[in-house]
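Heads up: the sequence shown begins at 51 in the working numbering, then just goes up one per residue.
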Amino acid sequence: MAVIVVGLLLRGGEVLLARRGPHRRRHPDSWSLPGGHAEPGESLGAALERELGEEIGILPVVFEAQEPVRNGPLLFQPFAVTQWAGEPRLLGEEHIALAWFGREQALALEDLSQPAWRPLIARLLA
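Quick look at the structure:
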């Protein structure tokens, strides 16, 4: 089973979401959480650090694992990230935008890549 780590960067009652590129095979042009596949033998924390560094140029410093989410052959491991080094910015070609969303804004998004992110965002921003 493939494990995908994702980070919910939390700041002042907001969460950072990344807009997936329209060329992406899965969930094109939808709002998602930055992250990616854990490599074989890689710890989930190390995978989170690597993926967030590659995708948005930050190093998570304080983060906490949340309840995993299973979606078919994929297991998503979300992390609430409350402190990081660096300023989030677009890197690579996976995402076309980054934006901070308040609780109500995030929950109202119709094009969220995973429905499971709604209750997680609702709880973390409550």
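All C-beta atoms, glycine included, are put in the ideal place defined by N, C-alpha and C.
When you compare the CB positions of F126 and I171, do they come within less than 9 Å of one another, or not? no
Pick out the complete alpha helix (DSSP H) segments inside the region 55 to 113, 4 residues or longer, and give them in chain order. 94 to 106
Please specify which runs of the beta strand (DSSP E), each continuous and at least 3 residues long, are wholly inside the region 112 to 138, giving them in chain order. 119 to 121, 124 to 135
Neighbourhood of V119 by C-beta, 6 Å cutoff - its chain only, sequence neighbours within 5 removed: F126, A166
Closest to L159 by CA distance: which of V65, G95, L102, A176 is it? V65
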